[in-house]
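Numbering that gives the first Met the number 0 applies: residue 0 is where the sequence shown begins, and numbers increase by one. Everything below concerns the one structure shown next.
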Amino acid sequence: MSEEEQPSETTEAAAEKEETPKEEESTATFEPVVKLEEIEVKSGEEDEEVVFSMRAKLFIFGETLLDQGTGKKTWKERGIGEIKILRHREHQRLRLLMRQEKTMKVIVNHALDPRITLEPNVGSDRSWVWSAFDFAEGELVETVFAVRFADSEIANDFKSKFTECQKEMDKLLAGEDKPGEDGGAAADEAAGALKGLQTKDDKDDDL
Numbered sequence: 000m001s002e003e004e005q006p007s008e009t010t011e012a013a014a015e016k017e018e019t020p021k022e023e024e025s026t027a028t029f030e031p032v033v034k035l036e037e038i039e040v041k042s043g044e045e046d047e048e049v050v051f052s053m054r055a056k057l058f059i060f061g062e063t064l065l066d067q068g069t070g071k072k073t074w075k076e077r078g079i080g081e082i083k084i085l086r087h088r089e090h091q092r093l094r095l096l097m098r099q100e101k102t103m104k105v106i107v108n109h110a111l112d113p114r115i116t117l118e119p120n121v122g123s124d125r126s127w128v129w130s131a132f133d134f135a136e137g138e139l140v141e142t143v144f145a146v147r148f149a150d151s152e153i154a155n156d157f158k159s160k161f162t163e164c165q166k167e168m169d170k171l172l173a174g175e176d177k178p179g180e181d182g183g184a185a186a187d188e189a190a191g192a193l194k195g196l197q198t199k200d201d202k203d204d205d206l
């Protein structure tokens, strides 16, 4: 076959290009079968301002599931999250609130009662123990708490702000609530019992 009879590479490439169909981009649009409406979720904190907020680990002193009804109580970890002191913008009352950081479940929620006493956790300079009527589970339950912070400086800042806010609450409640018939003896007794409680201070903890 002579050189004139052999098809050139350019001719073959041109023919192949003509045979290849052009790819077209799809312009079709698809509407979702179910349309979800945006719903505003309220946390209950919309009318409050944050006075103090710091990451911490919370413990409660009580019976485990295995020990229910036996009277045997131990420290149980309740969760890690931001522990906050909140002040209501309208009536100015203050409360302590903490949510578990992964589930956002409320794990402590109580008013800053001026009668509450923060006691140092035995063997730790970054932890405090106290007793309060807690509303985290939807009903008032007297609960013993322990909170542990990353270091002693943060722990001291928490106590300073806590006691400062208690004084605010004391002024707000003046004239509204009368002292109990026992003259506060029950509160003093509870404070004394807290001094003997302690949680294990793990040095390798993440706080």
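Glycine is no exception: its CB is placed at the ideal position from the N, C-alpha and C atoms.
- DSSP links Leu65 through a beta bridge to no other residue.
- When the beta-carbon positions are compared, His87 and Arg98 stay at least 9 Å from each other.
- A direct Cα-to-Cα measurement between Leu172 and Val32 gives close to 55 Å.
- Here DSSP, grouped into helix, strand and coil, assigns Asp169 to helix.
- Around the beta-carbon of Gly122, fewer than 16 other beta-carbon atoms lie within 10 Å, marking it exposed.
- Taken atom to atom, the span from the alpha-carbon of Gly80 to that of Ile153 is near 14 Å.
- With fewer than 16 neighbouring CB atoms inside 10 Å of its own CB, Leu139 falls in the exposed class.
- In this structure the stretch 70 to 80 does not lie against the stretch 156 to 165, because fewer than three pairs of beta carbons, one per stretch, are closer than 8 Å.
- With respect to the 9 Å criterion, Ile82 and Ser126 are not classified as neighbours on the basis of their beta carbons.
- Bounds of the beta strand (DSSP E) holding Met97 are Leu93 to Arg98.
- In this structure, the straight-line span from the alpha carbon of Lys101 to that of Gly78 is close to 9 Å.
- For the pair Val105 and Ala135, the Cα-to-Cα distance works out to about 6 Å.
- For Phe157, the three-state secondary structure derived from DSSP is helix.
- Note on geometry: alpha-carbon atoms of Glu62 and Ala145 lie some 15 Å from one another.
- Under DSSP, Asp133 forms a beta bridge with Val140.
- For Lys170, the closest alpha carbon among the candidates Gln91, Val128 and Asn108 is that of Gln91.
- If the five residues before and after Leu96 are omitted, its C-beta is found closer than 6 Å to the C-beta atoms of Lys83, Leu85 and Asn108, all from its own chain and listed in chain order.
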